[in-house]
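Chains A and B, in that order, are what the protein sequence lines are. The opening residue of the first sequence carries number 506 in our numbering; numbering runs sequentially from there. The opening residue of the second sequence carries number 428 in our numbering; numbering runs sequentially from there.
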Amino acid sequence: MSTQWQPVIGLEIHAQLATHSKLFSGAPTAYGAEPNTQAAAVDIALPGTLPVPNRAALEKAIAFGLSVDATIARDSVFARKNYFYPDLPKGYQISQYERPIVAEGRLAVRLDDGRTLDVRIERAHIEEDAGKSLHDAFHAATGIDLNRAGTPLLEIVSAPVLHSAQEAVAYMRTVHTLVRWLGICDGNMQEGSFRCDANVSVRPAGVEKLGTRTEIKNVNSFRFVEKAIEYEIERQIRALENGETIVQETRLYDPAHHRTRPMRSKESADDYRYFPDPDLPPLAVDEALIARVRDGLPELPQQRQARYVAALGLPEADAAQLCADRATADYFEAVLAAAPGEAKVCANWVLGELAAALNDAAVPIERSNVSAAALAGLLVRVREGAISGKTAKEVFAAMWAGEGDADSVIAARGLRQISDSGALAATIDAVLAEFPKQTADYRAGNEKLLQFFVGQAMKRTRGQANPQQLNALLVEKLAG
Amino acid sequence: MSAATPPVSIARLAADLAARRVSAAELAQDALAAARAQTSLNAFVTLDDAGATAAAQAADVSLARGAAPALTGIPCAHKDIFCTDGVRTTCASRMLEQFVPPYDASVVERLKAGGAVAIGKTNLDEFAMGSSNENSAFGAVCNPWDPTRVPGGSSGGSAAAVAAGIVPFATGTDTGGSIRQPAAFCGITGLKPTYGRVSRWGMIAFASSLDCGGVLARSAEDCAHVLGAIAGHDARDATSVDRAAEDYVGALQQPLAGLRIGIAREYFGAGIDDAVAHGVRAALAELEKRGAKLVEVSLPNAHLAIPAYYVIAPAEASSNLARYDGVRYGHRCANPTSLEDLYTRSRAEGFGAEVKRRILVGTYALSAGYYDAYYLRAQRVRRLIANDFTAAFDTCDLIAGPTTPSVAFALGEKSGDPLAMYAADVNTVAVNLAGLPAISLPAGFDRGLPFGLQLIAPAFAEARLLTAGHALQQATDFHTRRPDADSHGSRRPGVPA
Numbered sequence: 506m507s508t509q510w511q512p513v514i515g516l517e518i519h520a521q522l523a524t525h526s527k528l529f530s531g532a533p534t535a536y537g538a539e540p541n542t543q544a545a546a547v548d549i550a551l552p553g554t555l556p557v558p559n560r561a562a563l564e565k566a567i568a569f570g571l572s573v574d575a576t577i578a579r580d581s582v583f584a585r586k587n588y589f590y591p592d593l594p595k596g597y598q599i600s601q602y603e604r605p606i607v608a609e610g611r612l613a614v615r616l617d618d619g620r621t622l623d624v625r626i627e628r629a630h631i632e633e634d635a636g637k638s639l640h641d642a643f644h645a646a647t648g649i650d651l652n653r654a655g656t657p658l659l660e661i662v663s664a665p666v667l668h669s670a671q672e673a674v675a676y677m678r679t680v681h682t683l684v685r686w687l688g689i690c691d692g693n694m695q696e697g698s699f700r701c702d703a704n705v706s707v708r709p710a711g712v713e714k715l716g717t718r719t720e721i722k723n724v725n726s727f728r729f730v731e732k733a734i735e736y737e738i739e740r741q742i743r744a745l746e747n748g749e750t751i752v753q754e755t756r757l758y759d760p761a762h763h764r765t766r767p768m769r770s771k772e773s774a775d776d777y778r779y780f781p782d783p784d785l786p787p788l789a790v791d792e793a794l795i796a797r798v799r800d801g802l803p804e805l806p807q808q809r810q811a812r813y814v815a816a817l818g819l820p821e822a823d824a825a826q827l828c829a830d831r832a833t834a835d836y837f838e839a840v841l842a843a844a845p846g847e848a849k850v851c852a853n854w855v856l857g858e859l860a861a862a863l864n865d866a867a868v869p870i871e872r873s874n875v876s877a878a879a880l881a882g883l884l885v886r887v888r889e890g891a892i893s894g895k896t897a898k899e900v901f902a903a904m905w906a907g908e909g910d911a912d913s914v915i916a917a918r919g920l921r922q923i924s925d926s927g928a929l930a931a932t933i934d935a936v937l938a939e940f941p942k943q944t945a946d947y948r949a950g951n952e953k954l955l956q957f958f959v960g961q962a963m964k965r966t967r968g969q970a971n972p973q974q975l976n977a978l979l980v981e982k983l984a985g
Numbered sequence: 428m429s430a431a432t433p434p435v436s437i438a439r440l441a442a443d444l445a446a447r448r449v450s451a452a453e454l455a456q457d458a459l460a461a462a463r464a465q466t467s468l469n470a471f472v473t474l475d476d477a478g479a480t481a482a483a484q485a486a487d488v489s490l491a492r493g494a495a496p497a498l499t500g501i502p503c504a505h506k507d508i509f510c511t512d513g514v515r516t517t518c519a520s521r522m523l524e525q526f527v528p529p530y531d532a533s534v535v536e537r538l539k540a541g542g543a544v545a546i547g548k549t550n551l552d553e554f555a556m557g558s559s560n561e562n563s564a565f566g567a568v569c570n571p572w573d574p575t576r577v578p579g580g581s582s583g584g585s586a587a588a589v590a591a592g593i594v595p596f597a598t599g600t601d602t603g604g605s606i607r608q609p610a611a612f613c614g615i616t617g618l619k620p621t622y623g624r625v626s627r628w629g630m631i632a633f634a635s636s637l638d639c640g641g642v643l644a645r646s647a648e649d650c651a652h653v654l655g656a657i658a659g660h661d662a663r664d665a666t667s668v669d670r671a672a673e674d675y676v677g678a679l680q681q682p683l684a685g686l687r688i689g690i691a692r693e694y695f696g697a698g699i700d701d702a703v704a705h706g707v708r709a710a711l712a713e714l715e716k717r718g719a720k721l722v723e724v725s726l727p728n729a730h731l732a733i734p735a736y737y738v739i740a741p742a743e744a745s746s747n748l749a750r751y752d753g754v755r756y757g758h759r760c761a762n763p764t765s766l767e768d769l770y771t772r773s774r775a776e777g778f779g780a781e782v783k784r785r786i787l788v789g790t791y792a793l794s795a796g797y798y799d800a801y802y803l804r805a806q807r808v809r810r811l812i813a814n815d816f817t818a819a820f821d822t823c824d825l826i827a828g829p830t831t832p833s834v835a836f837a838l839g840e841k842s843g844d845p846l847a848m849y850a851a852d853v854n855t856v857a858v859n860l861a862g863l864p865a866i867s868l869p870a871g872f873d874r875g876l877p878f879g880l881q882l883i884a885p886a887f888a889e890a891r892l893l894t895a896g897h898a899l900q901q902a903t904d905f906h907t908r909r910p911d912a913d914s915h916g917s918r919r920p921g922v923p924a
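See the structure below:
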C-alpha cells in the first residue's frame with residue numbers, strides 16, 4: 506500500500522504598486538523606457554542619497570490590508586536585506602522584515618468545483634524592486650538597467666494552506682482580481698507587475714509536520730505557476746518514494762520544458778543580515794489615515810458578488826464571472842442601470858455576446874466597441890418587442906462593427922418587428938386562405954401544424970413578425 | 428589673513444564685509460593662500476580655487492547690493508564627506524578618489540544660500556572612521572599646535588584648518604565624537620547638534636543612526652551663526668525633524684543665572700588625565716561664577732557606551748558601504764575576471780584597513796546567529812544609555828565633562844592599537860547613541876596642548892549649549908589662543924581673559 510501524499514503550498518505574490526513615482530525617490534515608474542533613464546540619484550545609490558517613503562505606496566498597501574481584513578501595523582519598520590548583486594545598487598534591498606505593514610488577513614477563494622477556500626494571509630509588506638541584469642545585450646559583459654530599481658512592491662505572503670496547484674492558482678487569481686479591483690496594481694504579468702514565488706512541500710496524508718520545502722522563484726503566469734507546482738509536487742513525491750530526501754533550495758521554473766531546476770546553491774545560501782533601516786523611522790500610520798483609506802475603498806469583489814446573488818437574483822456562477830474584474834462588473838452595472846429590471850438578461854449579454862466579441866478582438870472591456878449605454882439601448886428594444894432576441898444578435902454585431910447604435914442599425918436594416926396586430930391579422934388571414942387544407946386539418950385536431958403556419962407567416966413578413974404575438978393571433982384565428 | 432593674525436569673529440568679518448572694508452574676494456584669496464602656506468598640515472584634500480573665486484565674486488555683488496544673508500562672503504571649508512556639486516568628494520578613500528557628485532549636500536546647499544564661500548574640502552579619517560585622522564588615504568593631518576601630534580578625528584582636517592586660521596569655520600560630521608574630539612585637540616569650538624536637526628542629505632553615510640552634521644569654529648558665537656544657517660527640516664532626509672530652527676545668535680545673550688550644570692561623575696573617572704580633569708573643573712567654576720549652579724549627576728551605564736557603539740556603528744557601516752562595489756562609480760579593479768573578482772578586488776583595493784576592519788566587525792554582528800547577541804543587545808544598551816540622560820536631565824539642564832581623557836596624542840602612538848584608540852572616545856560616543864546635542868569648548872592647556880570641556884544638552888536644546896559656551900568664552904580666553912610657532916608650548920593654561 507503506497508503512501509498518500511498531501512502537497513502543501515504557500516505563495517509569495519509580488520504585486521507592483523501602481524504609484525507614479527518610486528518607493529523612495531521621485532523617479533517615474535513607467536515601464537519600457539530606455540535603460541537607466543528612470544533612475545534618480547537615490548535609485549542608483551549615489552553616496553549621500555537617502556530614501557524617503559512614498560505615501561501613495563503606503564496607502565495602497567493599507568487598502569490591500571483592509572480589504573483582506575488584516576491588521577494594519579501602526580508603526581511598521583523598514584529593514585535592510587543585505588546582499589551583493591550588480592542590479593541591486595545599494596548592496597541591500599529596503600524591505601520589511603519583523604514588522605510588516607499588513608499582518609494576519611484572510612481571503613475567500615472560490616474554486617472551480619464550487620467550494621470556497623478561506624486562505625490565511627500571513628503578511629504583506631512593502632519593499633523596493635531591484636534593477637535588471639541584461640545578460641545578452643552586450644558581448645562578454647552584463648548590462649545593468651536600473652529603471653526598475655526602487656519600484657514599489659507589495660509582497661503578499663499566504664500561509665502554507667493550499668493543497669494543490671489548482672488551489673494555488675485559484676488563490677493567485679483571486680489576489681490578482683483584488684489588487685486590480687482596488688486599483689493598487691495594474692496586474693500586468695508580462696511586464697512583471699504581478700508575479701509569484703511558490704513554496705512547495707509534500708507530507709504523508711494525516712501527518713501534521715510539514716515536509717522540507719523548495720521555493721520556486723519568479724513565475725509570471727497563472728499557467729506556469731500551475732505547471733511548476735504540479736511538476737514540483739510530482740518531483741518531490743517521486744524523490745521521497747525513492748527514499749531520497751528533499752533539499753531545501755530555491756528552484757527556477759523552465760517554461761520550455763515544464764520543469765523546475767535548482768538555482769546555483771550560492772544564491773540560496775545567503776545570510777541577508779536583516780536589520781532595521783536606520784535611514785527610515787518606523788512608518789507611522791494613524792487612525793485618521795486608516796479611516797481615510799477605508800472610506801476610499803470600493804465595494805469589494807466578494808461583497809459585490811454576494812449582492813448580485815442576493816439582490817439581483819443572479820446565479821453564483823454568473824455573479825462570480827461578472828466580478829472577476831472590476832471593469833466587467835462596472836460595465837454590467839452600467840448596462841443594468843440603463844436597462845433596469847432584467848439583471849439576468851444583462852448578465853447573459855455581458856458574459857455572452859459581449860465577452861465573445863471582446864475576446865475575438867482581444868480588446869479589454871474598458872475599450873469595448875459597444876459601450877454599456879449602447880448595449881442597454883439594444884436590450885431595451887428587445888424588451889419592448891421591437892426586435893426579437895435573435896435579431897438582437899445581428900444588431901449587436903452591426904453595432905460592434907461600427908454601424909451606429911441599436912436604433913440606427915434597426916432602422917437602416919429594416920429589422921423592426923411587426924407588432925401591429927392589424928397587420929399581423931391580415932397576414933394570417935392571407936396564409937389561412939392560401940392553405941385551406943392545412944387549416945382544416947389543424948381544426949380537425951392536428952395541432953402540430955401550428956409551426957407550419959408560423960413559418961408561412963414569417964416568410965411573408967420576412968421574419969419581422971413579433972413571434973409571441975404571431976403565435977397568439979394564429980391560435981386565436983385557427984380556433985375560428 | 429595669515430596664521431599669525433588674531434582670530435576675528437564671523438560677526439566682525441560680516442560687519443567688515445558689509446562696510447566694504449574687505450571684499451569677499453580678498454577673504455577667499457587670503458584663505459586659499461593660508462591653506463597653501465600650511466600644506467604641511469595636510470588639512471585639505473581639495474582646494475577649489477575656481478569655485479571659491481566665483482562664489483566670492485557673487486558674494487561681493489550681493490554685498491554691494493546690500494541685505495545679503497548673514498554668512499555672505501565668509502570663507503569656510505567642507506569636510507570631504509559632504510557632497511559638493513562638481514567638486515570631487517573622496518571621503519579620504521581610494522574608493523572615491525575620483526568621485527565627483529552631481530549634487531550638493533543639504534548642508535553645502537544651505538551654506539551656499541547663506542552666502543558662505545567654500546574654499547575646499549578638508550581631510551578626514553576614511554569614511555569618518557577614526558579618532559586621529561591617520562586613517563586617510565591622503566595621509567594623516569597634523570595638529571597645528573604640534574605637528575608631531577594628531578589633530579583628532581574624524582573631522583581632523585576641518586579642525587586643523589580652523590585652528591590654523593585658514594578659515595573661520597568648517598563643517599564636520601560627528602558619529603561618535605568626530606566634531607568634538609578634534610575640536611578639543613585643536614583648541615577650537617565644535618558643535619554636534621541633535622540628531623535630526625541638520626539634514627544628512629548628501630552627507631556620505633558612515634553609521635546612519637549616529638551620523639550628525641555640525642560645525643567647527645573658533646567660538647560658540649561663530650557656531651551659533653553657522654548652526655542658524657544649516658539647521659532646519661529637509662524633506663529629503665526622513666530622519667530630519669520637522670521643527671523650526673531657533674534664534675541661536677539671540678541665545679548667546681541669554682543669562683546663565685539658574686542654569687543647572689550636572690557634573691557627570693563617570694566622565695571624570697579612571698583614565699582621565701589629572702590636568703584635563705582639573706582644567707575642566709576650573710572652567711566649570713568660571714560658569715558657576717557667572718550664575719550657573721553645579722550639581723552632581725550620574726550616568727550609570729556610561730561604561731557600556733563604547734562596546735555598544737562599536738557594534739552599532741560598524742553594523743550600519745557594513746551595510747552603508749556595500750554600495751561601493753565597483754559597478755556604478757568609485758574604484759574598480761583592473762580586468763576583473765568574474766563578478767566575485769570585481770567585488771573582491773575593487774573593495775580590497777579601494778578601502779583602507781580601518782574601514783575593512785569595521786565592515787568585517789559589522790557584518791559579523793549582523794550575521795544570523797549573532798544578531799541577537801550583538802546588534803540587538805547593543806540596541807538595548809543604547810536605550811539604557813539614553814534613559815540615563817533622560818533621568819539626569821531631571822535634575823540638571825546641561826551635563827558636563829572633559830571632551831577627551833587627554834590632550835592630543837602623538838601621530839602613530841595609537842594607530843597600531845585600535846582598542847586603545849576606541850577607548851579614547853569614552854566621553855563622546857554616548858551622546859551619539861542618545862542623539863543629543865553637545866559642544867566642545869576650549870577649556871585649557873596641558874603641556875601647551877589644548878583640551879576641551881564637553882557640555883551635553885537635552886534634544887533640541889542647542890541654544891542652551893551656545894548660551895553656556897558663550898558665557899564661558901566671555902570669561903576665558905582659551906578660544907582666542909592661536910598655535911603660533913613662537914608661543915607653542917610656552918602658554919600657561921587657565922588664565923581668564
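We put the beta carbon where it would ideally sit given N, CA and C, even for glycine.
Near-chain A residues of the region 509 to 536 of chain B (beta-carbon distance less than 9 Å), N- to C-terminal order: F509, C510, T516, C518, L523, F526, P528, P529, Y530 and A532
At what residues does the alpha helix (DSSP H) containing E939/A begin and finish? S926 to E939
What are the boundary residues of the alpha helix (DSSP H) that T833/A is part of? R831 to A843
Per DSSP, H519/A forms a beta bridge with which residues? E660/A and R700/A
Measure the C-alpha to C-alpha separation of S893/A and V959/A and round it to an integer number of angstroms. 15 Å
So, at 6 Å on beta carbons, what are the nonlocal neighbours of L856/A in its own chain, with the 5 sequence-adjacent residues on each side left out? Q826
Quick one: is T802/A buried, meaning 16 or more other Cβ sit within 10 Å of its Cβ, or exposed? Looking at the sequence shown, residue 802/A is not Thr but Leu. By the 10 Å Cβ count, L802/A comes out exposed.
Can you look up S581/B in the DSSP assignment and give me helix, strand or coil? coil
I need the DSSP call for N562/B, collapsed to helix, strand or coil. coil
I'd like to check one pair, T666/B with P786/A: are the Cβ atoms closer than 9 Å? yes
Give, in chain order, every unbroken run of the beta strand (DSSP E) that is at least 3 residues long and sits entirely within the region 560 to 588 of chain A. 583 to 587
Ordered along the chain, which non-local residues of its own chain (more than five positions away) have a Cβ less than 7 Å from that of A697/B? none
Could you check where the beta strand (DSSP E) with Q601/A kicks off and where it finishes? Y597 to Q601
Please check the pair A564/B and A519/B, which I expect to be a contact at CB under 8 Å, by giving their CB distance rounded to whole angstroms. 5 Å
Going by C-alpha to C-alpha distance, which of A897/A, V573/A, L528/A and S526/A sits closest to R799/A? V573/A
Does the beta carbon of T554/A come closer than 9 Å to any beta carbon on chain B? yes
Check this for me: beta carbons of A860/A and L819/A, under 9 Å apart or not? no
Going by beta carbon distance, what residues of the same chain come within less than 6 Å of R604/A, once the five residues before and after it are set aside? A578, S581 and V582
So is A629/A buried or exposed if we call it buried at 16+ other beta carbons inside 10 Å? buried
Give me the DSSP bridge partner(s) of R625/A. R611/A
In chain B, which residues lie with their C-beta within 7 Å of the C-beta of Y597/A? S746 and A749
Could you name the residues of the same chain whose beta carbon sits closer than 6 Å to that of Y622/B, not counting the 5 residues immediately before and after it, in chain order? C639 and G862
Collapsed DSSP secondary structure at E772/A in the structure displayed: The pLDDT assigned to E772/A is 47, lower than 50, so where the model puts this residue is not dependable, and the model offers no usable value.
Within-9 Å CB hit, Y737/B to chain E: Protein chains A and B are contained in the structure displayed, whereas chain E is not.
What are the boundary residues of the beta strand (DSSP E) that I549/A is part of? Taken as a continuous stretch (DSSP letters only), I549/A belongs to no beta strand (DSSP E), as it is neither H nor E.
Report the rounded CA-to-CA distance for T682/A versus A829/A, giving the unit in angstroms. 6 Å
Here's a check: name, in chain order, each residue in its chain whose Cβ is nearer than 7 Å to the Cβ of F780/A, leaving out the five neighbours to either side. A584 and R585
Could you tell me which chain A residues have their CB closer than 9 Å to the CB of L766/B, listed as they occur along the chain? F589, Y590, P591 and T647
Given Y791/B, which residues of its chain have a CB within under 7 Å of its CB, disregarding the five upstream and five downstream residues? Y797
Taking DSSP as the reference, what is the three-state secondary structure of A446/B? coil
For G828/B, does the count of other Cβ atoms within 10 angstroms reach 16, so buried, or fall short, so exposed? buried
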